[in-house]
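Colleague: Below: one structure in structure tokens.
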Amino acid sequence: MLFALAAGLCLLAPQSGTVTAYENAVIYPVSGPKIERGVLLVRGDKIESIGAVGSVTIPADAKRVDLQGKVVIPGLVDTHSHVGGGDGGDESSPIQPDAKVWEGIDVQNPDFLRAASGGLTTINIMPGSGHLMSGQTLYAKNRKARTVEDLLILGENGWIYGGLKMANGTNPIGTPPFPGTRSKSAALIRAKFQEAKEYQKKWKDWEAKKEGEAPDRDPGLDAMVEALEGKRIVQHHTHRADDILAVLRLKQEFGLKVVLQHVSEGAIVADEIAKSNTPCSIIVLDAPGGKLEAVNYTSETGRVLERLGINVAIHTDDGITESRLFVRSAAYAVRAGMTESGALRALTLSGAEMLGLEKRVGSLEPGKDADFVVLSGSPFATRTRVLQTFVEGALRFDFNDPKMRVYAVGGPGAGHAVEPYLCCKGGN
Amino acid sequence: MTTLFAALAILSPAPVVETLAIRAELLHTQEGAPIKNGVVLVENGKIKAVGTADQVTIPTGTRVLRAAVVTPGLIDARSTLGLTGIYNQQGHDQDQQDNGGAVQPELRAMDAYNPRETLISYVRSYGITTVNTGHAAGSLMSGQTFVVKLHGRTPDADSVKSPSFVLATLGPGSLGRGPGTRAKQLSELRDVFRGAQRAAKAGTVKGQKADALQLVITKKIPLLVTAYTAQDIASALRLKKEFGFDMVLDGGAEAVTMAAELKAAKVPVFIHPLMQRPNGEAQNLSYETPAKLNELGIAFAFTSGFEGYVPKVRVVLMEAAVAVANGLADTEALNGLTLGAAKLLGIEKRTGSLAVGKDADLALFDGDPFEYTSHCTATIIDGKVLWEGKR
Chain A
1394 MLFALAAGLC
1404 LLAPQSGTVT
1414 AYENAVIYPV
1424 SGPKIERGVL
1434 LVRGDKIESI
1444 GAVGSVTIPA
1454 DAKRVDLQGK
1464 VVIPGLVDTH
1474 SHVGGGDGGD
1484 ESSPIQPDAK
1494 VWEGIDVQNP
1504 DFLRAASGGL
1514 TTINIMPGSG
1524 HLMSGQTLYA
1534 KNRKARTVED
1544 LLILGENGWI
1554 YGGLKMANGT
1564 NPIGTPPFPG
1574 TRSKSAALIR
1584 AKFQEAKEYQ
1594 KKWKDWEAKK
1604 EGEAPDRDPG
1614 LDAMVEALEG
1624 KRIVQHHTHR
1634 ADDILAVLRL
1644 KQEFGLKVVL
1654 QHVSEGAIVA
1664 DEIAKSNTPC
1674 SIIVLDAPGG
1684 KLEAVNYTSE
1694 TGRVLERLGI
1704 NVAIHTDDGI
1714 TESRLFVRSA
1724 AYAVRAGMTE
1734 SGALRALTLS
1744 GAEMLGLEKR
1754 VGSLEPGKDA
1764 DFVVLSGSPF
1774 ATRTRVLQTF
1784 VEGALRFDFN
1794 DPKMRVYAVG
1804 GPGAGHAVEP
1814 YLCCKGGN
Chain B
127 MTTLFAALAI
137 LSPAPVVETL
147 AIRAELLHTQ
157 EGAPIKNGVV
167 LVENGKIKAV
177 GTADQVTIPT
187 GTRVLRAAVV
197 TPGLIDARST
207 LGLTGIYNQQ
217 GHDQDQQDNG
227 GAVQPELRAM
237 DAYNPRETLI
247 SYVRSYGITT
257 VNTGHAAGSL
267 MSGQTFVVKL
277 HGRTPDADSV
287 KSPSFVLATL
297 GPGSLGRGPG
307 TRAKQLSELR
317 DVFRGAQRAA
327 KAGTVKGQKA
337 DALQLVITKK
347 IPLLVTAYTA
357 QDIASALRLK
367 KEFGFDMVLD
377 GGAEAVTMAA
387 ELKAAKVPVF
397 IHPLMQRPNG
407 EAQNLSYETP
417 AKLNELGIAF
427 AFTSGFEGYV
437 PKVRVVLMEA
447 AVAVANGLAD
457 TEALNGLTLG
467 AAKLLGIEKR
477 TGSLAVGKDA
487 DLALFDGDPF
497 EYTSHCTATI
507 IDGKVLWEGK
517 R
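Protein sequences, first through last, are from chains A and B.
Heads up: take any position in the first sequence, counting from 1, add 1393, and you land on this note's numbering.
Heads up: take any position in the second sequence, counting from 1, add 126, and you land on this note's numbering.
Below, the structure is given as structure tokens:
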């Protein structure tokens, strides 16, 4: 609702909002070729135009910022993170689609500023992988937040953008009611989706006639129906080749929109992944192992999947890897043979596509959210720093502000919660 | 192995001389300024000559490896590699922590090191040739470390120095396993070392535990104390003052806060993995710690530490790269991975720099070793090429 209202206002007053021209930057729009000396024109929270210096008309009232040859890339999209301490389902059942991660997130957690210092502007915050289905994920905007509501992306009728977290392989296996084998994992989840289909039909039938009493609402099954309808994307933890194939079977059986998450042995079944046209959000690690299903992890997964034309995003899985070093993950994928353009897309637009947010974030295009990162140099160079991160036109992180810098590099104070935002005293 | 080699030498009248030459566009010897267009000549596992291509003649028939940048083999000053393995299965490949007692300085690293562990060949492919590895920082005194070359033969054949350190851990890392408070940790350690002093005086040193403690109080090897907070670092320095042993600080998330005291006590630092997460006692750790310690004149070396989950091991080269990205000069970062680390481990006569007579331990790169997109193209240990490729 809120979103619809904002969109309406935007139509009525397209000229509203302060205008800032970020000039003389090397710009990687990701949706198009690199601009050697470009301008990014931001109006309010949106990108108004982008192009080479001279090709963009800068309004007279625009604030002008000379970036002096620094590099601008889209705000980074992390398709798999656990920042903010959110959680999902508890020990009561292996399948808990009703649990919403956002209701457990602490916005005061320093994770969010650390993530901003790494250039992250959109973050898929997930519940864990210890369940077959641990709950609803949140596609958070890394805005400065006082309450968790400040992080939400709202769609039609106030729909909160998010996915459905699922997992197979070793993590969800346990003692009853959790599955004890892979077969049982598949059987349990299949039964639940069949139940959701019946529930979906019951509601469809009732809505067609509106006779008698409406069926009981089940918030968990509602979320699963959204998954069956393709509105809620299944974000599926899976490492081993056979487990990946099990996800592809489930996807086909129920017509789900699925993103494969982690995909450590993806290179082994890359042909099957390509054939099923399933996007992959991969993790890039310093080393394999630490758990049985990650023993065959290889940094070459990105290269292999990219060559086959599979859509590849890279994620942090923060705290497994560090949001502050998100760009480094992509650099290591490049070292293992991924193309630089593919790796940059894997941090931005590919991730946006995997969250169904590609119309809004992930690249620098007119009409999209003004989420962008100013780098000191070439994106994948070791000595390049994130200097500034903007979310919807607002400065979210500034390396030159000592109060924020500490979250980028660490040191005394870095582990403490962000200074509270005092709502009624003028705040900060 | 040595005996076998000696026996072969007696049998064969003209022993085969194994030679190898390495040509580098840029050669970091760590014994002076880097050499452009440099050559290292290797004979029977040792460095025979180092210099420019004009100075060093490569005998005909010698195998030549070429690289853009060549450094001494990299050293990881503190790890649990080989005691901890890729599968992370207790009772199978996790031998870093025995919970049979809080004070077990007698537990030797060599007795738990698996030279055929998969992760050993993995880190070797990033130029790591030597590791100080051993027990984890999980109890008050969890055991010892030893220094090992990453050949992957036997612990005995690959050992460089055993033991290298006796371990102690202060603060939350060892609370609950034995002493339940910080005061009790200190009190127990005092009891342990007072007992060792008394035994030495009375000439009644007996048993493995006592033997290990004697190594520390007689300054044969230092005590390696893992402590993260300024408070726990201060406690470690207090103990050092009381007992006079040599000490190296491990972890040291707040080492910069305690820089003056560390410098006065001449205690160097094995810095925690920079990519360790800033949680708990390590909440104030900083990517800038190496740069700041360097500015303050405190000797340090890089470590991969201990990882309990995914990824199961850190690569010390990647750790140093993060320090370089955060203000540490390349030369200092390389020192903390080579000669500087070797000195702190007491193995600088054998490895850590490229000089005539030293072990032929080298790492070859196709670019700046600290660039994320560079590759280690070859790793050489004692003249043996144990990695070639691009990972």
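The beta carbon of each residue, even a glycine, is placed where N, CA and C say it ideally should be.
Here the structure is a predicted model, which means the values were calculated and not measured.
Output, in chain order, the set of chain A residues within a Cβ distance shorter than 7 Å of Pro404 (chain B).
Modeller: Gly1803, Ala1807 and Gly1808
Colleague: Quick check: Tyr248 (chain B) and Val374 (chain B), are their CB atoms within less than 8 Å of each other?
Modeller: no
Colleague: What residues from chain A crowd round Thr499 (chain B), counting only those whose CB sits closer than 9 Å?
Modeller: Ala1724, Tyr1725, Val1727, Arg1728, Glu1733, Phe1773, Ala1774 and Thr1775
Colleague: Residues of chain B with CB under 7 Å from Ile1707 (chain A), in chain order?
Modeller: Those within 7 Å of Ile1707 (chain A) in chain B number zero; the least Cβ separation is about 13 Å.
Colleague: Compare the C-beta of Cys1403 (chain A) with all C-beta atoms of chain B and state if any pair is closer than 8 Å.
Modeller: Note that Cys1403 (chain A) has pLDDT 37, beneath the 50 cutoff, so the model's placement of it is unreliable and the number below is only indicative. No, no contact with chain B.
Colleague: Roughly how far, in whole angstroms, is the beta-carbon of Ser1716 (chain A) from the beta-carbon of Gly1511 (chain A), given that I think they are within contact range, below 8 Å?
Modeller: The Cβ separation is near 4 Å, so the contact holds.
Colleague: Kindly list the residues whose CB is nearer than 7 Å to the CB of Glu1416 (chain A), restricted to its own chain and excluding five residues on each side of it in sequence; keep chain order.
Modeller: Val1432, Val1446, Arg1457, Val1458, Asp1459 and Leu1460
Colleague: Could you spell out where the beta strand (DSSP E) holding Pro399 (chain B) opens and where it closes?
Modeller: For Pro399 (chain B), no beta strand (DSSP E) run applies, since DSSP gives it neither H nor E.
Colleague: Is DSSP giving Ser1448 (chain A) helix, strand or coil here?
Modeller: coil
Colleague: Cα separation between Gln402 (chain B) and Ala1455 (chain A)?
Modeller: So the two alpha carbons sit approximately 43 Å from each other.
Colleague: Should the region 316–336 of chain B be regarded as contacting the region 358–372 of chain B, the criterion being three or more beta carbon pairs within less than 8 Å?
Modeller: Segments in contact, yes.
Colleague: Tell me the rounded alpha-carbon separation between Leu296 (chain B) and Ala353 (chain B).
Modeller: 5 Å
Colleague: Please go through the same chain and pick out, in chain order, the residues whose beta-carbon is closer than 8 Å to the beta-carbon of Val1419 (chain A), but skip the five residues on each side of it.
Modeller: Answer for Val1419 (chain A): Lys1427, Ile1428, Glu1429, Arg1430, Gly1431, Gly1462, Lys1463, Val1464 and Val1465, listed in chain order.
Colleague: Can Pro1520 (chain A) and Gly1556 (chain A) be called in contact, C-beta distance under 8 Å?
Modeller: no
Colleague: State buried or exposed for Ala1538 (chain A), treating a residue as buried only when at least 16 other CB atoms are found within 10 Å of its CB.
Modeller: buried
Colleague: Would you please verify whether the beta carbon of Asp1556 (chain A) is less than 8 Å from any beta carbon of chain B?
Modeller: Looking at the sequence shown, residue 1556 (chain A) is not Asp but Gly. Cβ-Cβ to chain B under 8 Å: no for Gly1556 (chain A).
Colleague: Report, in whole angstroms, the separation of the C-beta atoms of Ile518 (chain B) and Asp487 (chain B), which I expect to be a contact under 8 Å.
Modeller: Residue 518 (chain B) is absent from the structure shown; chain B starts at 127 and stops at 517.
Colleague: Exposed or buried, what is Ala425 (chain B) when buried is set at 16 or more other beta-carbons lying within 10 Å of its beta-carbon?
Modeller: buried
Colleague: Expressed to the nearest angstrom, what Euclidean distance is found between the alpha-carbon atoms of Gln1781 (chain A) and Leu1469 (chain A)?
Modeller: 12 Å
Colleague: Within this structure, are the beta carbons of Val1662 (chain A) and Ile1637 (chain A) separated by less than 8 Å?
Modeller: yes
Colleague: Interface residues of chain A around Val450 (chain B) at Cβ under 9 Å?
Modeller: Thr1775 and Arg1776
Colleague: Going by Cα to Cα distance, which pick from B:Ala451, B:Pro160, B:Glu514 and B:Ala385 is closest to Thr1775 (chain A)?
Modeller: B:Ala451
Colleague: Val292 (chain B) and Leu341 (chain B): beta carbons closer than 8 Å?
Modeller: yes
Colleague: Leu1750 (chain A) and Thr1514 (chain A): beta carbons closer than 8 Å?
Modeller: no
Colleague: Contact check, Leu200 (chain B) vs Val442 (chain B) under 8 Å by CB: the rounded distance?
Modeller: 6 Å
Colleague: Taking Gly1712 (chain A) as the reference, which of B:Gly177, B:Arg149, B:Val195 and B:Gly434 has the closest Cα?
Modeller: If we check each option's Cα against that of Gly1712 (chain A), B:Gly434 comes out closest.
Colleague: Quick check: is the beta carbon of Gly1820 (chain A) nearer than 8 Å to any beta carbon in chain B?
Modeller: With a pLDDT of only 43 at Gly1820 (chain A), under the threshold of 50, the placement of this residue in the model should not be trusted; the figure read from the coordinates follows. With 8 Å as the cut-off, Gly1820 (chain A) does not count as an interface residue toward chain B.
Colleague: Taking the alpha helix (DSSP H) that Phe319 (chain B) belongs to, which residues open and close that run?
Modeller: Arg308 to Ala328
Colleague: Could you list which residues in chain B have their beta carbon closer than 7 Å to that of Ile1713 (chain A), in chain order?
Modeller: Result: Val436.
Colleague: Any contact of the region 279–289 of chain B with the region 469–479 of chain B, i.e. 3+ C-beta pairs under 8 Å?
Modeller: The region 279–289 of chain B makes contact with the region 469–479 of chain B: 3 or more CB pairs, one atom from each, lie closer than 8 Å.
Colleague: Please name the residues in the region 1675–1706 of chain A whose beta-carbon is closer than 7 Å to at least one beta-carbon of chain B, in chain order.
Modeller: If you check each beta-carbon in the region 1675–1706 of chain A against every beta-carbon of chain B, the ones closer than 7 Å belong to Leu1678, Asp1679, Ala1680, Pro1681, Gly1682, Gly1683, Lys1684, Leu1685, Ala1687 and Val1688.
Colleague: DSSP on Gly1803 (chain A), reduced to helix/strand/coil?
Modeller: strand
Colleague: Would DSSP call Ala235 (chain B) helix, strand or coil?
Modeller: coil
Colleague: So which residues on chain B does Arg1721 (chain A) lean against when the C-beta distance must stay under 7 Å?
Modeller: Tyr498
Colleague: How would you write the range of the alpha helix (DSSP H) that Pro1612 (chain A) sits in, first residue to last?
Modeller: Counting along the chain, the alpha helix (DSSP H) containing Pro1612 (chain A) begins and ends at Pro1612 to Leu1621.
Colleague: Relative to the C-alpha of Glu1785 (chain A), which candidate in A:Pro1569, A:Val1802 and A:Ser1756 has its C-alpha closest?
Modeller: A:Ser1756
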